[in-house]
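Everything on this sheet refers to the single structure shown next.
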Ligand SMILES: [Zn+2]
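In UniProt numbering, the protein residues as written are 1 to 357.
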């Protein structure tokens, strides 16, 4: 945790309704629907654990999230595995977030106690998840609070692993979230992938590949996540040109010349500062994670230009016009085919990372 709400973007990121993907909509293979009734985890709602009302109305967003972010609470590794303790923990977190941080409610969407009890964090999170097309705006990861489900795991996992019962519930919850929102197993990340934080601890963070694999075993698909390249001062080429377009999509006014000079470095630093990433002026893991968003048919703007530049670098001959039409979609599909990725015409984080590699 240890985080603040997302600062207001200077310019609204242009995304189309194409990302309001419902249950299973983005998956290439059918979900084992009948199996899910049994696998739906029990989530104790805010009323069950005795929450306070939010200090202002929670905001229900019209779009589904496109990733899950795993946290640890950085609280003691309690040996009280009771539901009563889980409920007390939820009240304690809410009090801390409202009274100390000044948030309207709990920051996270869900919490998993050491005993494996799952509770709702911010009000209406469970209902939104059950619906599968909307999410509640949250406060668990700066830069991601309108696009990512946040799960807090009780404990501190810097030097020890979570308990097996707790981890099993994390798998259950992630698989359910993926099924409801049509996410893939590789779209599960840790808080430190986005912000300058130790969360979710070295040990839990190191378990994320296993978590992706365990979730993929439930919902299908490849869990592999290959990571992002690095771009830094002095670099040149199409990757840098894409970076510049992506920064412009977030309010920078760079000339997309494919040359990583001082102005680009300054823009990267400013973006990292705004998004509470480590500030080093180098575009690496956190920066690409924060810059990339899924792009599909109907999207428009500088981020689409970045995508078109990358597709052209991979052999397409698209006009770089910032408009995601049939030609761009065909280009994404062609690249996905050549890269052995699921072919859906949507440039998600894995397609982005492979394009930029
Ligand atoms: Zn965290």
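From the three backbone atoms N, C-alpha and C, an ideal C-beta is built for every residue, glycine too.
Compare the Cα-Cα distances from residue 262 to each of 286, 245 and 233 and report the closest residue. It is 233.
Taking 8 Å as the cut-off, does the segment 190-199 touch the segment 350-357 (at least 3 CB pairs, one atom from each stretch)? Short answer: they don't touch.
To the nearest angstrom, how far is it from the Cα of residue 276 to the Cα of residue 332? Roughly 31 Å separates the two Cα atoms.
C-alpha distance - residue 337 paired with residue 279, whole-angstrom precision: Taking the CA atoms as reference points, residue 337 sits about 36 Å from residue 279.
Residue range of the unbroken beta strand (DSSP E) whose run includes residue 67: Run containing residue 67: 67-72, per the beta strand (DSSP E) assignment.
To the nearest angstrom, report how far apart residue 157 and residue 346 are at their CA atoms. Each residue's alpha carbon lies about 35 Å from the other.
Scan the segment 236-266 and note each continuous alpha helix (DSSP H) run of 4 residues or more that stays entirely inside, going in chain order. Listed in chain order, they are 238-249.
What first and last residue would you give for the alpha helix (DSSP H) that runs through residue 335? Note, residue 335: alpha helix (DSSP H), 326-338.
I need the straight-line Cα distance from residue 53 to residue 123, nearest angstrom please. Distance from the CA of residue 53 to the CA of residue 123, rounded to the nearest whole angstrom, comes to 8 Å.
For residue 126, count the other beta carbons within 10 Å of its own beta carbon; 16 or more makes it buried, fewer makes it exposed. Which is it? Buried is the label assigned to residue 126, since at least 16 other Cβ atoms lie within 10 Å of its Cβ.
Given a threshold of 16 other Cβ atoms within 10 Å of its Cβ, counted over all protein chains shown, does residue 321 qualify as buried or as exposed? Exposed, since its Cβ has fewer than 16 Cβ neighbours within 10 Å.
Measuring alpha carbon to alpha carbon, tell me which of 51, 130 and 351 ends up nearest residue 87. Looking at the Cα atoms, 51 is the closest of the given residues.
Any heavy atom of ligand 1 closer than 7 Å to the beta-carbon of residue 294? For residue 294, the shortest C-beta to heavy atom distance toward ligand 1 is 7 Å or greater.
Beta-bridge pairing of residue 151 - partner residues as DSSP gives them: Partner(s): 70 and 110.
Within its chain, find whatever has a CB closer than 7 Å to the CB of residue 254; leave out the 5 residues flanking it on each side and keep chain order. Around residue 254, the same chain offers 244, 247, 248, 263, 264 and 267 as residues with beta carbons nearer than 7 Å, after the five sequence neighbours per side are excluded.
Say the cut is 7 Å; is the CB of residue 123 nearer than that to a heavy atom of ligand 1? No; taking the cut-off as 7 Å, the Cβ of residue 123 has no heavy atom of ligand 1 nearer than that.
If we ignore side chains and look at the alpha-carbon of each, how far apart do residue 76 and residue 172 end up? So the two alpha carbons sit approximately 23 Å from each other.
Residues sharing a beta bridge with residue 135, DSSP: Beta-bridge pairing by DSSP links residue 135 to 61.
At what residues does the alpha helix (DSSP H) containing residue 87 begin and finish? Annotation: the continuous alpha helix (DSSP H) that includes residue 87 extends over 83-95.
Would residue 92 pass as a contact of residue 114 if the rule is Cβ separation under 8 Å? Contact: no.
Going by DSSP, what residue range makes up the beta strand (DSSP E) through residue 188? Start and end: 188-190.
Quick one: what's residue 120 bridged to in DSSP? Answer is 110, bridged to residue 120.
Are there three or more Cβ pairs, one per stretch, closer than 8 Å when the segment 203-214 is compared with the segment 234-243? These segments do not touch.
In angstroms with no decimal places, state the Cα-to-Cα distance between residue 293 and residue 351. Distance between the alpha carbons of residue 293 and residue 351 is about 11 Å.
In the DSSP assignment, what are the bridge partners of residue 323? Per the DSSP secondary-structure output, residue 323 pairs in a beta bridge with 300.
Going by the DSSP bridge assignment, what does residue 104 pair with across the sheet? Under DSSP, residue 104 forms no beta bridge with any residue.
Under the DSSP definition of a beta bridge, which residues are partnered with residue 295? The partner list for residue 295 (beta bridge, DSSP) reads 347.
If contacts are defined as beta-carbon pairs under 8 Å, then residue 73 and residue 137 qualify, I think. What distance do you get, rounded to the angstrom? Residue 73 to residue 137, Cβ: 21 Å. No contact.
With respect to the alpha helix (DSSP H) encompassing residue 181, which residues constitute its N-terminal and C-terminal limits? It spans 164-181 - the alpha helix (DSSP H) in which residue 181 sits, taken as one unbroken run.
Only counting the same chain, and skipping five residues up and downstream in sequence, which positions put a Cβ closer than 6 Å to that of residue 269? Result list for residue 269: 279 and 281, in chain order.
Can you give me the start and stop residues for the alpha helix (DSSP H) that residue 215 sits inside? From DSSP, the alpha helix (DSSP H) with residue 215 extends over 208-219.
So, do the segment 302-322 and the segment 221-231 have three or more beta carbon pairs nearer to each other than 8 Å? Contact fails: fewer than three Cβ-Cβ distances are below 8 Å.
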